[in-house]
């Protein structure tokens, strides 16, 4: 059994989640918990965050659940995190997101797949003019790019070798998470929903009560509120508008052969996240944002953390950012994201760097342009 860190200064990695479901998935993959009985490390004065500390693989981590979803909540929480854990050098924002139906290269994206950020655009930050709303350029142009060492790791994950190795590790972690959930009677929460629940419709086909179903609200031409939480089968979405995909057919064959454990294996994608307080639930709006900014995933907290600390967004796709979104895949997507987070830490979060020197004001000194690496801190080696 490993020895608990001596103080808050011994933590270099933080995992941030926006929803309890996402937090619980991460907690299931902690190999040890340092704060199970008492909050042994405390917080800095004025920090209102609540932390869980533990070990994931060989890495000591501090896990934080945001008080609310959104950029502002994430920014406030990150400020408290920096003061309480001043030597944190990497934040992993882990949870669920909406996804584009395919990558820019045409690779199919399915529900349960995991997206890792290479860059972020704040899609609801810009100006409104005669030609409509125009988002500002990429947020890294405003707040700075990924540190070089972190960017090199993300680029490595775009290679077949890097991606396939991480996918294999994430699959193993997913099976371990589901086993742990079963032991705690939470099995159904993170179970694989099955490919029948993964349906992609044409972007302009709206999820609403169809001719074969009836609406209790008497609405026929627009979307009624109750239909938003109902499945496509319940409201009578027309199969003729569903888009067939090769990967769903391959998964369906695996399920017919009783190989669900293999069918649920998550695929990893690297790309740009669109971050904003506006939830995207329209296929046409989604496609417009994808065309404008080459967005692969849609989420709500990344922009609040990105400029404060070195950050990677690791999120599981739980819907296609259209009107057909429901909660059927949220638990499984949270599980695949947590599993990819553990796989990432197991393979890449190794450090030989000494702790950063703290000046009198207690703020860590970052040197993201050092020749010794993006995470080098006052002469240390690259920690990743």
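Numbering (my numbering), first residue to last: 345 to 728.
Glycine residues also receive a C-beta, built at the ideal position from the N, C-alpha and C atoms.
A quick note: this is a predicted structure, and the numbers were derived from the prediction, not measured.
Just confirm the distance between the C-beta atoms of residue 548 and residue 627, as a whole number of angstroms; I'd bet it's less than 8 Å. Here residue 548 refers to the residue found at position 204 when the chain shown is read from its first residue. Here residue 627 refers to the residue found at position 283 when the chain shown is read from its first residue. Correct: roughly 6 Å between the Cβ atoms.
Residue 615 - containing beta strand (DSSP E), residue span: Position 271 of the chain shown, counting from 1, holds the residue named residue 615. Run containing residue 615: 612 to 619, per the beta strand (DSSP E) assignment.
Does the region 488 to 503 come within contact of the region 660 to 670, defined as at least 3 CB pairs closer than 8 Å? no
For the beta strand (DSSP E) containing residue 426, name the first residue and the last one. The sequence position of residue 426 within the chain shown is 82, counting from 1. Premise fails: residue 426 lies in the alpha helix (DSSP H), 415 to 428, not in any beta strand (DSSP E).
Of the residues 377, 618, 591, which one's Cα is nearest the Cα of residue 456? Within the chain shown, residue 456 is the residue found at index 112, counting from 1. Answer by Cα proximity: 591.
Bounding residues of the beta strand (DSSP E) (the contiguous stretch that carries residue 406): Taking the first residue of the chain shown as position 1, residue 406 is located at position 62. Where residue 406 is concerned, the enclosing beta strand (DSSP E) stretches over 403 to 409.
Of the choices 655, 599, 601, whose alpha-carbon is the least far from that of residue 437? Numbered from its first residue, the chain shown carries residue 437 at position 93. Looking at the Cα atoms, 655 is the closest of the given residues.
What residues in its chain sit with their C-beta under 6 Å from that of residue 637, if we drop five residues either side in the sequence? If you number the chain shown from 1, residue 637 lands on position 293. Correct list, in chain order: 465.
Select from 403, 498, 619 the residue whose C-alpha is nearest the C-alpha of residue 347. For the purposes of this step, residue 347 is taken as the residue at position 3 of the chain shown. Taking only the C-alpha atoms, the option nearest residue 347 is 403.
Beta-carbon contacts of residue 448 that lie in its chain and below 6 Å, excluding the five residues immediately before and after: Working through the chain shown from its first residue, we reach residue 448 at position 104. So the list reads 638, once near-sequence residues are dropped.
What do you reckon, are the CB atoms on residue 690 and residue 513 nearer than 8 Å? Residue 690 sits at position 346 when you count from the first residue of the chain shown. Residue 513 sits at position 169 when you count from the first residue of the chain shown. For residue 690 and residue 513, yes; Cβs fall inside 8 Å.
Compute the beta-carbon to beta-carbon distance between residue 607 and residue 499, rounded to the nearest angstrom, for a pair I have assumed lies under 8 Å. Mapped onto the chain shown, residue 607 falls at position 263. Mapped onto the chain shown, residue 499 falls at position 155. Between residue 607 and residue 499 a beta carbon distance of about 29 Å is seen, past the 8 Å cut, so the two are scored as non-contacting.
Helix, strand or coil: which one does DSSP assign to residue 437? Position 93 of the chain shown holds residue 437. Residue state, collapsed to three classes: strand.
Beta-carbon proximity list for residue 614, same chain, < 7 Å, skipping 5 on both sides: Your numbering for residue 614 matches position 270 in the chain shown. Here the set comprises 460, 462, 498, 501, 502.
Rounded C-alpha distance that separates residue 687 from residue 355: Reading the chain shown from its first residue, position 343 is the one you call residue 687. Reading the chain shown from its first residue, position 11 is the one you call residue 355. The alpha-carbon atoms of residue 687 and residue 355 are separated by roughly 18 Å.
Where the alpha helix (DSSP H) through residue 522 begins and ends: For the purposes of this step, residue 522 is identified with residue 178 of the chain shown, where counting begins at 1. Taken as a continuous stretch (DSSP letters only), the alpha helix (DSSP H) holding residue 522 covers 504 to 527.
Within 10 angstroms of its Cβ, does residue 660 collect 16 or more other Cβ (buried), or is it exposed? Here residue 660 refers to the residue found at position 316 when the chain shown is read from its first residue. By the 10 Å Cβ count, residue 660 comes out buried.
Reduced DSSP secondary structure (H/G/I, E/B, other) of residue 729: Given a span of 345 to 728 for the chain in the structure shown, any question on residue 729 remains unanswerable.
Along the beta strand (DSSP E) that carries residue 671, what are the first and last residues, could you check? Here residue 671 corresponds to residue number 327 of the chain shown, with the count starting at 1. No beta strand (DSSP E) holds residue 671; DSSP gives it neither H nor E.
Report all residues from its chain with a CB closer than 6 Å to the CB of residue 555; omit the five preceding and five following residues, and keep chain order. If you number the chain shown from 1, residue 555 lands on position 211. Bear in mind that a pLDDT of 47 at residue 555, under 50, signals an unreliable position, so the number given afterwards is only what the model happens to contain. So no residue of the chain qualifies.
Let me make sure I understand the geometry here. Which of 361, 349, 370 has the alpha-carbon closest to that of residue 683? As a position in the chain shown, residue 683 is number 339, starting the count at 1. When each option's Cα is compared against that of residue 683, the closest is 370.
Locate the alpha helix (DSSP H) running through residue 628, then write down its first and last residues. For this step, residue 628 is matched to residue 284 along the chain shown. 627 to 637 is the extent of the alpha helix (DSSP H) around residue 628.
For the beta strand (DSSP E) that contains residue 465, what are its first and last residues? For the purposes of this step, residue 465 is identified with residue 121 of the chain shown, where counting begins at 1. Its beta strand (DSSP E) spans residues 458 to 466.
Which of helix, strand or coil DSSP assigns to residue 539: Residue numbering aside, residue 539 sits at position 195 when the chain shown is read from its first letter. DSSP places residue 539 in helix when its eight states are reduced to three.
Please name the residue, chosen from 618, 644, 643, that lies closest to residue 632 on a Cα-to-Cα basis. Start at 1 with the first residue of the chain shown, and residue 632 comes out as number 288. Out of 618, 644, 643, 618 has the C-alpha closest to the C-alpha of residue 632.
In the DSSP assignment, find the beta strand (DSSP E) that holds residue 372 and state where it starts and stops. Looking up residue 372 in the chain shown gives position 28. Note, residue 372: premise wrong, no beta strand (DSSP E); alpha helix (DSSP H) at 364 to 372.
Between 429, 609, 596, 428, which lies nearest to residue 516 when the distance is taken from Cα to Cα? Position 172 of the chain shown, counting from 1, holds the residue named residue 516. Measuring from the Cα of residue 516, the nearest candidate turns out to be 609.
Just to confirm, is the Cβ distance from residue 642 to residue 450 under 8 Å? Your numbering for residue 642 matches position 298 in the chain shown. Your numbering for residue 450 matches position 106 in the chain shown. Going by C-beta atoms, residue 642 is not nearer than 8 Å to residue 450.
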